[in-house]
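In our numbering, the protein residues as written are 188 to 668.
Ideal Cβ placement from N, Cα and C applies to all residues, glycine included.
As the structure is a prediction and not an experimental result, all values here were calculated from the model.
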């Protein structure tokens, strides 16, 4: 069973911000530090700071001959079974780092010329240059370093989904940048079958690491050598019966320059422009491709069918306070499905207002294009966070509801939000209220009722997901014109 089923969330992977793991087996996904380094959201930035600080500190110790300190750092690594990610067969078993493997990691780094001469700069590059270190180990090392951040994320997701956190458990070691050392503390975590679990944002995982030694060797190193050998007309150049000369085949080059990580490191030291070109190439791909799509988590996922099912379910939720939780859960899942990966890391705030439950959600704006990106870049609206309020009222949203959302805006929190409601008799009047708020300098509110939410879902079902962006822009233009 998946995490969502065990805790009765009533939501599926496309409606969840975290990887919906199966606690009794590993999910073949990895936390990629290179992908994290390219992201501009606040959570990714602080993760990247922790990863960089740890790895540079370890390399500094190794290069300075401080072997004891380097060993102590790497011995702090353990097998992070709590995330249930990786390539273990059967129950999570942490094929990555821990115990003897941590010692072997130190030996590999200490013996590596790439580590000693400064060629190795990032944790992700270990896959390129360090023997015995691949996707699983890099993902596990990253998990260890940012474990405290992942625990905080897990706790926030449990609050969001009303999952009880009972008791306190050892956190496992995590890297403390301020202390420059491993720390451990007692924390609250969800538990299944006496095993504590740590949730991982799906925004952070990949099916394969961006940097891959075999791929770098086959498609970049050998391509360069092909051109170089042909340019200098080496004996490896092919001569056809017609006398035409052609570059050597990769089969011949692989025999002459067989793959090893040491060879890749020596080549990269001699030709750093090829390494930089490779990293830039994958940075561009990662920027364009971004996080995994909904269907990347399930090869059989049908986005159109899923969108139609959500559109059909919304009208069955009655308005009113009694169904407020049900409406909130639905909207939270629908927004995740509709706006992923532009809006991520939802957090919940709630209070009772005049006998009615106010359910507020805050999203991190991770958009790299489209409406939520333009809100900041083109319209200069503070929108690092997007505030959302859900109103399951049977009556029209009025000034008090608009004022409640605008009251959450601020220079640090942001000036852009969404007001989710059920129905309205006079949509133009509601838009006018939101426009007045914007023109008074109190923030920008996108009002979305059932009609708009179902419209967005219908567009997805019709294969026109991109049209949602234009629809949002039309609504926004009503606020500024």
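- For the region 222-268, the full-length alpha helix (DSSP H) segments reaching 4 residues or more read 229-250 and 254-262 along the chain.
- Under DSSP, the beta-bridge partners assigned to residue 357 are 373.
- Going by DSSP, residue 438 is part of the alpha helix (DSSP H) stretching over 437-443.
- In its chain, beyond the 5 residues on either side, 529 and 656 have a beta carbon closer than 8 Å to the beta carbon of residue 557.
- Rounded to the nearest angstrom, the gap between the Cα atoms of residue 325 and residue 310 is 7 Å.
- When the beta-carbon positions are compared, residue 350 and residue 237 stay at least 7 Å from each other.
- Annotation: residue 623 to residue 666 spans about 8 Å, alpha carbon to alpha carbon.
- With contact defined as three or more Cβ pairs closer than 8 Å, the region 247-257 and the region 189-201 are not in contact.
- Listed as beta-bridge partners of residue 617 by DSSP are no residues whatsoever.
- A distance below 7 Å separates the beta carbons of residue 448 and residue 316.
- Here residue 386 really is in contact with residue 341; their C-beta atoms are around 4 Å apart, less than 8 Å.
- Nearest C-alpha to residue 292 among 270, 381 and 319: 319.
- Pairing residue 645 with residue 609 gives a Cβ-Cβ distance that is not under 7 Å.
- Exposed is the label assigned to residue 427, since fewer than 16 other Cβ atoms lie within 10 Å of its Cβ.
- A straight-line Cα-Cα distance of about 7 Å links residue 404 and residue 446.
- Secondary structure note for residue 416: its alpha helix (DSSP H) is the uninterrupted segment 409-418.
- Excluding five sequence positions before and after residue 662, the CB atoms of its chain that fall closer than 6 Å to its own CB belong to 633, given in chain order.
- Collapsing the DSSP output to three states places residue 549 in a strand.
- Cα atoms of residue 335 and residue 420: separation of roughly 56 Å, rounded to the nearest angstrom.
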